[in-house]
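Top to bottom, those sequences are chains A and B.
Each residue of the first sequence is one higher than the one before, starting from 1 at the first, in full-length UniProt numbering.
Each residue of the second sequence is one higher than the one before, starting from 1 at the first, in full-length UniProt numbering.
A quick write-up on the structure given underneath.
2 protein chains.
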Amino acid sequence: MHTPPLYRQLADHYLDAIRSGTLKTGERFPSIRLMMEKHAVSLSTAVQVCRELEDCGVLEARPRSGNYIRQPDDLPKPGALPPPAPVDTDVYVGIHEKVSWVLRASQRATIKVNFASAYCAPELYPLKTLQDHMIKALRQNQHLLGAQGPNCGHSALRNILARRALTAKANLPAERIVITNGATEALNLALRAVTRPGDTVAVESPTFYGLLQILESLNLRVLEIPATAHAGINLLALEQLLQGAERIQALIVTPNLQNPLGSIMPDANKSRLVQLCAQHTTVLIEDDTYGDLVDTEQPLSTLKHWDRTDNVIYCASLNKTLAPGMRLGWISAGKWHERVEMLKHTQSRGCEALSQLAVSAFMKTPSYERYLRRLRKILTQQRQQMSAGIARYFPPGTCVTTPQGGTLLWVELPRHHSSLALFHEGLKAGIQISPGDIFSNTRRFDHFVRIGCGAPYSPKIDEALATLGQLLKNQG
Amino acid sequence: MHTPPLYRQLADHYLDAIRSGTLKTGERFPSIRLMMEKHAVSLSTAVQVCRELEDCGVLEARPRSGNYIRQPDDLPKPGALPPPAPVDTDVYVGIHEKVSWVLRASQRATIKVNFASAYCAPELYPLKTLQDHMIKALRQNQHLLGAQGPNCGHSALRNILARRALTAKANLPAERIVITNGATEALNLALRAVTRPGDTVAVESPTFYGLLQILESLNLRVLEIPATAHAGINLLALEQLLQGAERIQALIVTPNLQNPLGSIMPDANKSRLVQLCAQHTTVLIEDDTYGDLVDTEQPLSTLKHWDRTDNVIYCASLNKTLAPGMRLGWISAGKWHERVEMLKHTQSRGCEALSQLAVSAFMKTPSYERYLRRLRKILTQQRQQMSAGIARYFPPGTCVTTPQGGTLLWVELPRHHSSLALFHEGLKAGIQISPGDIFSNTRRFDHFVRIGCGAPYSPKIDEALATLGQLLKNQG
Ligand SMILES: Cc1ncc(COP(=O)(O)O)c(C=O)c1O
Ligand SMILES: Cc1ncc(COP(=O)(O)O)c(C=O)c1O
Chain A
1 MHTPPLYRQL ADHYLDAIRS GTLKTGERFP SIRLMMEKHA VSLSTAVQVC
51 RELEDCGVLE ARPRSGNYIR QPDDLPKPGA LPPPAPVDTD VYVGIHEKVS
101 WVLRASQRAT IKVNFASAYC APELYPLKTL QDHMIKALRQ NQHLLGAQGP
151 NCGHSALRNI LARRALTAKA NLPAERIVIT NGATEALNLA LRAVTRPGDT
201 VAVESPTFYG LLQILESLNL RVLEIPATAH AGINLLALEQ LLQGAERIQA
251 LIVTPNLQNP LGSIMPDANK SRLVQLCAQH TTVLIEDDTY GDLVDTEQPL
301 STLKHWDRTD NVIYCASLNK TLAPGMRLGW ISAGKWHERV EMLKHTQSRG
351 CEALSQLAVS AFMKTPSYER YLRRLRKILT QQRQQMSAGI ARYFPPGTCV
401 TTPQGGTLLW VELPRHHSSL ALFHEGLKAG IQISPGDIFS NTRRFDHFVR
451 IGCGAPYSPK IDEALATLGQ LLKNQG
Chain B
1 MHTPPLYRQL ADHYLDAIRS GTLKTGERFP SIRLMMEKHA VSLSTAVQVC
51 RELEDCGVLE ARPRSGNYIR QPDDLPKPGA LPPPAPVDTD VYVGIHEKVS
101 WVLRASQRAT IKVNFASAYC APELYPLKTL QDHMIKALRQ NQHLLGAQGP
151 NCGHSALRNI LARRALTAKA NLPAERIVIT NGATEALNLA LRAVTRPGDT
201 VAVESPTFYG LLQILESLNL RVLEIPATAH AGINLLALEQ LLQGAERIQA
251 LIVTPNLQNP LGSIMPDANK SRLVQLCAQH TTVLIEDDTY GDLVDTEQPL
301 STLKHWDRTD NVIYCASLNK TLAPGMRLGW ISAGKWHERV EMLKHTQSRG
351 CEALSQLAVS AFMKTPSYER YLRRLRKILT QQRQQMSAGI ARYFPPGTCV
401 TTPQGGTLLW VELPRHHSSL ALFHEGLKAG IQISPGDIFS NTRRFDHFVR
451 IGCGAPYSPK IDEALATLGQ LLKNQG
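Right under this line is the structure:
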């Protein structure tokens, strides 16, 4: 094999870096001395590298100042960059192409109003307080950044989560809680703990699209069970399927404020659901991401509360309720605890401890409950205003849910409308929605749209709703 | 189905919490008023709950102060707790039982001297500086905790990593870097992106035991290829296997400071390895976790540097070199970038941004390079002292590697010794080692031990080495 001379190899190396933008126009190029040192080359080689690059037109020598990167004439000028290439779904085989495609298209667009988010606006979170707790935790724990934290998470946070679970009538002992990178990681771990590739897992229909991605990426078969905004999962349909020929290894349910339906299961249904799953040895995975946003005085019961056989795996998150930037979630995996603990170690090791300390310091104070109460009130108002706006601008025949909490509205359009088309047209106008079509592997929900109400209602939001209404009218 | 009365349900609920330790002896029990509010029950129900618990002997009424948890006589007293149950490998099926068992046994023991860690002692990391950068980043970014960061990570860190890669002669454009929860998550993502369950993946033998866990948990078949402390993976053996009947979908190699061998591949081998893999369309996954700890003036080349066809996936980490508590790693996945980006979203979403901002602020300064230089010097000394200690106390015929950097020594004992037995006996004496047996799926390395040199040599360490020497002598 012919090897090019060293100076040519190095020149190519830097050319690549300039082409890819790692070294940018106008930036200073490494000095001859630095190059000699870094690449262990002679003076003459380093000089030769610069000459090569000058010859290519990418380097400009400025007297007494050094070499600078310039834009060669045959590279596109900044500002004249071509539009982003169309999203290529081939690269997402096995990660749910439909959902991946929608997420990617959103990332590439310039968004002015985002109705696709399930988060609250940043200013609704207690950022200043959390920041103070962070700084305090840092100062009090000098070695925090210098050692890996425990696999299961910091005991301060595990204790407070166990304590708070009691008021939702679930007994999650601190030693059986594992802190995760959000509910997303918790759900991944739950599924990896109890299924093997090829197994069948049942979900509510419609369901959170991220779950469909997780299931496909783990090579699991998905069975969709109808659910309603009124009472959540249809237990009769579930019972029939459980009695059917196909073994259902696990079932994932969000009993309180389901995404996107906003449904809350009555206690009788929760109890019956837990019993049914135990009876059929189908593992029940509970996703309680939104539980703390339920707008009632008393916390509602979890599925875990009704669990007598340790057959329920409980997953939850602080990302919607307290601090999206911290990525904290947790899992209490019942009889699969040891397995989940080791899978967590194998997948990503114990979570970073600082934010765990900061949130537990805050959650220990009465301010936390006060903060949640206030947040729920604000969200209730925002949902009402958004709902009124939708009624004002969307076509006649539109139906909107009235969930008892949370940030999400599920909007049914007259049947001939397409949410995927609306998604497209919205992006062009700088408005992002979640098209109903991605909440199922069927095409049943293409005339639905999920609208996030996490931000205070404003003229800008009102205008964006009007634009969506107009786009729908144009759909005929 | 007969449902017990409400007060009985609540009493059971609290009994469970006391049994599991969520409510602890001596703690105050929730007041009648709080119970009424939290559980939406009447005064008489709440009172009834307390009576039930008093009757069971777990509640003690103290006049004018409230109810307190007491230890009922039939529960074991604290301090009289039974020894931890033996580790049950059944729960680890599919997560490499042998490795899981060793990790779990270590966690349950009380460790006084830990030779099993690959980290440096906390005080060797620039903790004060990082802490200052954290606080600054927090103050400068008011909304940081209130919104989820970008999927691929913060651009500040991606830019600095791209820039630093240049000096190791690899071109990793910032837009093709994804920040991960350590190299552990990076390796998981790399494998999930390019393999399907059942595929065969080749690794060096011996190799990092965490990798064996990852491979098994992803249902991948492992093929071990001999490697030496002198030059790393044996290319002749690899070539033969690549030409064999079994398709090798991916190969994972640590070219610089392999764990546990400490080997460094010569440039000619690196180049040849990349070429071989490209030729056989075997994806080459590079694990560069220890690259920055190589004790040479110039950074050594990465495999990615020799990659002309975008067939190398580069994984690395700051956890050994800068801040174990932050859990920051990264991946640059060549032509699988989009796929890895979406898998990362599906597995855990974008990483928490604060630590990314803090480390990039530090890594931009010349202090970072100075810090690394100093760390390498200290580690070189610690390795030498540890090596001398081993020579002093271990049986004649013991061989120790002399790696050109890093924190690890790989110790070969005379053949009749068993590292698993030494591991056991060591734990009993409060000393933790990594038994060679877990670095392979074969039994080839049971007479090896990996010894971490991350902590300053001390009389305590010296004594622990002497104890290990004695335990080995007892093995006969
Ligand atoms: C039902 C549900 N589960 C899980 C998640 C993911 O939660 P996290 O951000 O904590 O990973 C979401 C977020 O959108 C969700 O709606
Ligand atoms: C070779 C190798 N790769 C990966 C890892 C895991 O790295 P991280 O702590 O960044 O997840 C380790 C840590 O022990 C290692 O030795």
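For glycine and all other residues, C-beta sits at the position ideal for the given N, C-alpha and C.
So, at 8 Å on beta carbons, what are the nonlocal neighbours of residue i in its own chain, with the 5 sequence-adjacent residues on each side left out?
i, result
"G66(B)", "R28, F29, S31"
"P197(B)", "L218, N219, L220"
"E246(B)", "T200, L223"
"M1(B)", "Low confidence applies to M1(B): its pLDDT is 44, below 50, so where it sits in the model is not reliable, and the reading given next is rough at best. Answer for M1(B): no residue qualifies."
"G244(A)", "none"
Considering just the uninterrupted stretch of the alpha helix (DSSP H) at residue i, what are its terminal residues?
i, result
"L223(B)", "No alpha helix (DSSP H) contains L223(B), which is instead part of the beta strand (DSSP E) from 221–228."
"C50(B)", "43–56"
"T346(A)", "337–347"
"A361(A)", "354–363"
"E425(A)", "419–428"
"G66(B)", "Premise fails: G66(B) lies in the beta strand (DSSP E), 66–69, not in any alpha helix (DSSP H)."
"L379(A)", "366–393"
Given that residue i touches chain B, what residues does it touch there, using C-beta distances under 7 Å?
i, result
"G469(A)", "Chain B residues near G469(A): none, gap ~28 Å exceeds 7 Å."
"R62(A)", "Within 7 Å Cβ-Cβ: nothing; R62(A) doesn't reach chain B, min ~21 Å."
"R163(A)", "T22"
If we count the other Cβ atoms within 10 Å of its Cβ and call it buried at 16 or more, is residue i buried or exposed?
i, result
"H143(B)", "exposed"
"S42(B)", "exposed"
"V93(A)", "exposed"
"L251(B)", "buried"
"K320(B)", "buried"
"A455(A)", "buried"
"Q140(A)", "exposed"
"E297(B)", "exposed"
"R349(B)", "buried"
"L81(B)", "Residue confidence is low: L81(B) scores 47 on pLDDT, short of 50, so the model does not pin down where it sits. Its coordinate-derived value is still stated next. So L81(B) counts as exposed."
Residues of chain B with CB under 9 Å from residue i, in chain order?
i, result
"H416(A)", "Near H416(A) there are no residues of chain B at all, since even the closest Cβ is about 32 Å away, more than 9 Å."
"S217(A)", "R192, M342, L343, T346, Q347"
"D16(A)", "N171, P173"
Tell me the residue span of the beta strand (DSSP E) that contains residue i.
i, result
"W330(A)", "328–332"
"W101(A)", "No beta strand (DSSP E) contains W101(A), which is instead part of the alpha helix (DSSP H) from 97–108."
"F448(A)", "448–452"
"E286(B)", "283–287"
"S317(B)", "312–317"
"Y14(A)", "Segment 6–19 is the alpha helix (DSSP H) holding Y14(A); no beta strand (DSSP E) there."
"V91(B)", "Segment: none, V91(B) is in no beta strand (DSSP E) and carries neither H nor E."
What does residue i touch in chain A if you count any residue whose Cβ is under 9 Å from its own?
i, result
"A323(B)", "L145, G146"
Here's a check: name, in chain order, each residue in its chain whose Cβ is nearer than 7 Å to the Cβ of residue i, leaving out the five neighbours to either side.
i, result
"Q385(A)", "Y457"
"L322(B)", "Y125, V359"
"S263(A)", "A227, T228, A229, H230, A231, G232"
"L465(B)", "G389, I390, Y393"
Ignore the nearest five residues each way along the sequence and tell me which others in residue i's own chain have a CB closer than 6 Å to its CB.
i, result
"T89(A)", "E97, W101"
"Q48(A)", "Y7"
"D307(A)", "V274"
"A202(B)", "L223, I225, I248, L251"
"H447(A)", "L413, R415, H417"
"residue 477(B)", "Residue 477(B) lies beyond the residue range present for chain B, which begins at 1 and ends at 476; the question has no answer from this structure."
Against residue i, what residues of chain A qualify as contacts under a CB-to-CB distance less than 7 Å, listed in chain order?
i, result
"S434(B)", "What S434(B) touches in chain A: nothing, since even the nearest Cβ is about 15 Å away."
"G149(B)", "G325"
Name the chain B residues whose beta carbon is nearer than 8 Å to that of residue i?
i, result
"I95(A)", "R339, M342, L343, T346"
"C351(A)", "N181, R327"
Can you name the residues of chain A whose CB is closer than 8 Å to the CB of residue i?
i, result
"Y125(B)", "L145, G146"
"M363(B)", "The contacting residues do not exist; M363(B) stays about 14 Å from chain A at best."
"S42(B)", "Under the 8 Å cutoff, chain A gives no residues; its nearest Cβ is about 13 Å from S42(B)."
Mind checking if residue i is an interface residue toward chain C, Cβ cutoff 7 Å exclusive?
i, result
"N311(B)", "Of the chains in the structure shown, none is chain C; the protein chains are A and B."
Q.
So if I measure from each beta-carbon to every heavy atom of ligand 1 and keep distances below 6 Å, which residues remain?
A. A118(A), G182(A), A183(A), T184(A), F208(A), G210(A), T254(A), N259(A), D287(A), T289(A), S317(A), N319(A), G329(A), R349(B)
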